[in-house]
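Novice: Note that the protein sequences, when read in sequence, are chains A and B.
Position 115 of the first sequence, counted from 1, bears residue number 114 in numbering that gives the first Met the number 0, the numbering being contiguous throughout.
Position 84 of the second sequence, counted from 1, bears residue number 83 in numbering that gives the first Met the number 0, the numbering being contiguous throughout.
Shown below is the structure under consideration.
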Amino acid sequence: MGLFTNYKKQSDEQLMILIQNGDHRAFSAIYDRYAKRLKSFFYRMLWSDEQMAEDSVQEVFTKLIEKPELYNDQYAFVPWLFRIASNMCKNAYRKQQFEQAFLAQLDTQQVQLPKAEQMLDEQLLMDSLHKTLAVMDEDKRELFLLRYQQELSIKELAQLFEISEGTVKSRLFYIKQQLAKSVKEDQIV
Amino acid sequence: MDKEAFKGLEYLIRNKTYDALEDAERAWVNDQIGGEAAYMRLYDLVRTAQSEREMPLKTSSKRRLMAQFKAKHKSTGVAFINYRIPAYAVIAPVILLLVIWFLIPAKQVLIEKPVFVEREVYLPSPVQIDTVEIELPPDTVFLERVVKIPVYLSTAKEEPKKRKRIFKGRSLAEQNDVVDLVKRGR
Chain A
0 MGLFTNYKKQ SDEQLMILIQ NGDHRAFSAI YDRYAKRLKS FFYRMLWSDE
50 QMAEDSVQEV FTKLIEKPEL YNDQYAFVPW LFRIASNMCK NAYRKQQFEQ
100 AFLAQLDTQQ VQLPKAEQML DEQLLMDSLH KTLAVMDEDK RELFLLRYQQ
150 ELSIKELAQL FEISEGTVKS RLFYIKQQLA KSVKEDQIV
Chain B
0 MDKEAFKGLE YLIRNKTYDA LEDAERAWVN DQIGGEAAYM RLYDLVRTAQ
50 SEREMPLKTS SKRRLMAQFK AKHKSTGVAF INYRIPAYAV IAPVILLLVI
100 WFLIPAKQVL IEKPVFVERE VYLPSPVQID TVEIELPPDT VFLERVVKIP
150 VYLSTAKEEP KKRKRIFKGR SLAEQNDVVD LVKRGR
């Protein structure tokens, strides 16, 4: 790529090809475009934990450095990138489930937990979005955030989850109905 | 769920508060999601999600990643080797070279040499020959030889030799007498 190439004007797919060829300026451009968005996505997906979100962003881009050849330039970049992020969240959930099971086991054995760990959930700032996302299933939370936080199109979401566009729409509609229903239930309570 | 319902709800939630809805829209929203509170909750959630599309990162994160990237692609030579080009871009020139090599006839190199041909020539008779040129080998041969003689050069100045004078301060006649005396003993 020439010295005076305007990387800001290049498409994500073009930048990825340049990254595959070892162009560090292309990597910098991709980072500037998506790092902040990824952090926000991870933040909400991973229990509003900022440090975990930051680490996850680092991990995504490390993967991009180590194995850029995994990207196929025939496909759109955004769904591919968020699929990596989504898989990482799933791994984090699995890990958390394992940890919770372990903690529960310790609890039954009446082992005293460190105070900091006991207070972990209480320390979180429980804003309305956090509360809502916390009660949602992982898949729905992910879909909601990708659609309304990251503004991915229906087509991109269909590519990301490898489902039809109609299925994406019906899932989103169902999420909204479910959220509305939860409001009604809260009111009743 | 029909297509219109999805589009309609998406549009309204993204653009209008419950108060801004028209009567028909309000009735439809009430029917679909059940009232103002539910609608406004959805509206707020979507607004909140939209407002936090990006979160700032530590500057050290990028620095670390850039260093990692540069370390991986350290040598420009390696980057050049890794440069991806389509297979046809490699195969096409090779095929082209082969075609040129085999199909185009090689240009013949002509070396001009005088060729002597013996041929009998019949001349009309009578033939008068007044001059005959005979080529003979040279009777004198000059040989040139280069003889190399080493000449030693010195930068030191030679002092003129002083003539030994046996009999200093005497005349030639006296000197002869002395010589006779020595020779004859007289």
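Think of the CB as a built atom: it goes at the ideal place given N, C-alpha and C, for glycine as much as any other residue.
Roughly how many angstroms separate the alpha carbons of residue 87 of chain B and residue 94 of chain B, rounded to a whole number?
Specialist: Going by the C-alpha atoms only, they are around 10 Å apart.
Novice: For the pair the segment 54-63 of chain B and the segment 8-27 of chain B, tell me if three or more CB-CB distances fall below 8 Å.
Specialist: Judged by Cβ distances under 8 Å, the segment 54-63 of chain B makes no contact with the segment 8-27 of chain B, as fewer than three pairs qualify.
Novice: Hey, does residue 94 of chain A have any beta-carbon neighbour from chain B nearer than 9 Å?
Specialist: No, residue 94 of chain A lies away from the interface with chain B (no Cβ there is under 9 Å from its Cβ).
Novice: If residue 102 of chain B and residue 56 of chain A are in contact, beta carbons under 8 Å, what's the gap, nearest whole angstrom?
Specialist: Not really, about 58 Å apart at Cβ, beyond 8 Å.
Novice: Would you mind giving the Cβ-Cβ distance between residue 60 of chain A and residue 34 of chain A, rounded to the nearest angstrom? I have them listed as a contact below 8 Å.
Specialist: With a Cβ gap of about 7 Å, residue 60 of chain A and residue 34 of chain A count as contacting.
Novice: Please state the DSSP three-state secondary structure of residue 34 of chain A.
Specialist: Of the three classes helix, strand and coil, the one that applies to residue 34 of chain A here is helix, per DSSP.
Novice: Quick check on the burial criterion: 16 or more other C-beta atoms within 10 angstroms. Buried or exposed for residue 171 of chain B?
Specialist: With fewer than 16 Cβ atoms within 10 Å of its Cβ, residue 171 of chain B is classed as exposed.
Novice: Could you name the residues of chain B that residue 56 of chain A contacts, counting a contact when the two beta carbons are closer than 8 Å?
Specialist: What residue 56 of chain A touches in chain B: 56, 60.
Novice: Less than 9 Å separating the beta-carbons of residue 151 of chain A and residue 81 of chain A?
Specialist: Cβ distance < 9 Å, so residue 151 of chain A and residue 81 of chain A count as in contact.
Novice: Pull up the CB-CB distance for residue 15 of chain A and residue 144 of chain A, whole angstroms please, since I reckon it's below 8 Å.
Specialist: In fact, because the Cβ distance is near 23 Å, the residues do not count as touching under 8 Å.
Novice: Would you report the Cα separation of residue 23 of chain B and residue 17 of chain B, rounded to the nearest angstrom?
Specialist: Spanning the two alpha carbons is a distance of roughly 12 Å.
Novice: Assign residue 165 of chain A to one of two classes, buried (16 or more other C-beta atoms within 10 Å of its C-beta) or exposed (fewer than that).
Specialist: Exposed.
Novice: Is residue 40 of chain B close to the ligand GDP? I mean its beta-carbon at under 8 Å from any heavy atom of the ligand.
Specialist: Absence of the ligand GDP is noted for the structure shown, with no ligands found whatsoever.
Novice: Roughly how many angstroms lie between the CA atoms of residue 74 of chain A and residue 5 of chain B, to the nearest whole one?
Specialist: Near 27 Å, if we compare the C-alpha coordinates of residue 5 of chain B and residue 74 of chain A.
Novice: Helix, strand or coil: which one does DSSP assign to residue 135 of chain B?
Specialist: Reduced to three states, the DSSP call for residue 135 of chain B is coil.
Novice: With 16 as the cutoff for other CB atoms within 10 Å, does residue 168 of chain A come out buried or exposed?
Specialist: Result: buried.
Novice: Taking the alpha helix (DSSP H) that residue 162 of chain A falls in, what are its first and last residues?
Specialist: From DSSP, residue 162 of chain A is part of no alpha helix (DSSP H); its letter is neither H nor E.
Novice: State the start and end residues of the unbroken alpha helix (DSSP H) segment that holds residue 87 of chain B.
Specialist: Residues 86-102.
Novice: Using a C-beta to C-beta distance shorter than 9 Å, which residues of chain B count as neighbours of residue 10 of chain A?
Specialist: None at all; the shortest Cβ gap to chain B is about 17 Å.
Novice: Using a 10 Å radius around the Cβ and a threshold of 16 neighbouring Cβ atoms, would you call residue 37 of chain B buried or exposed?
Specialist: Buried: at least 16 other Cβ atoms inside 10 Å.
Novice: Could you list which residues in chain A have their beta carbon closer than 7 Å to that of residue 16 of chain B, in chain order?
Specialist: None at all; the shortest Cβ gap to chain A is about 15 Å.
Novice: Below 8 Å on the Cβ atoms is my guess for residue 41 of chain B versus residue 175 of chain A; work out the distance and round it to an integer in Å.
Specialist: Their Cβ separation, rounded to whole angstroms, is 6 Å, which keeps residue 41 of chain B and residue 175 of chain A in contact under 8 Å.
Novice: Who are the Cβ neighbours of residue 28 of chain A in its own chain at under 8 Å, not counting the five residues just before and after it?
Specialist: Correct list, in chain order: 6, 7, 9, 14.
Novice: Use the C-beta contact count for residue 173 of chain A: other C-beta atoms within 10 angstroms, 16 or more gives buried, fewer gives exposed.
Specialist: Looking at its Cβ environment, which holds fewer than 16 other Cβ atoms inside 10 Å, residue 173 of chain A is exposed.
Novice: What does the Cβ neighbour count give for residue 90 of chain B, buried or exposed, with the cut at 16 atoms within 10 Å?
Specialist: Counting Cβ neighbours within 10 Å, residue 90 of chain B comes out exposed, since fewer than 16 surround it.
Novice: Answer yes or no: does any C-beta atom of chain B fall closer than 9 Å to that of residue 64 of chain A?
Specialist: Yes - at least one Cβ of chain B is within 9 Å of the one on residue 64 of chain A.
Novice: Does residue 37 of chain B have its Cβ less than 9 Å from a Cβ in chain A?
Specialist: Chain A, which has a Cβ nearer than 9 Å to the Cβ of residue 37 of chain B, makes this yes.
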